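In our numbering, the protein residues as written are 3 to 69.
1. Near residue 32, what residues of its chain come up, given a Cβ to Cβ distance below 6 Å and the 5 sequence neighbours on each side ignored?
2. Between the stretch 15–33 and the stretch 57–69, are three or more C-beta pairs nearer than 8 Å?
3. Locate the alpha helix (DSSP H) running through residue 20, then write down its first and last residues.
4. From the DSSP output, in three-state form, read off residue 64 for me.
Structure (structure tokens):
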């Protein structure tokens with residue numbers, strides 16, 4: 003029997019603060035580089051989708067993922 007709870011990031015979790023900090027840091031770096039962030043566009047638009055993907059790539063790069 004598996005008694006493990008699923009992985010969750012809730013506002014009360016310390017991991018939530020870390021994730022929020024990383025997201026804000028990446029958004030700030032992107033703005034400083036003149037790159038748009040996903041929240042600059044309405045959700046669901048092609049621009050939002052494009053920059054959401056780029057943003058996530060930047061998050062992974064910030065965290066040290068080489069791919």
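Cβ coordinates follow ideal geometry from the N, Cα and C atoms, glycine included. All figures in this text were calculated on a predicted structure; none of them were measured in a lab.
Let's see:
1. The answer, listed in chain order, is 39.
2. Contact holds: three or more Cβ-Cβ distances are below 8 Å.
3. 16–34
4. The DSSP-derived three-state label of residue 64 is helix.
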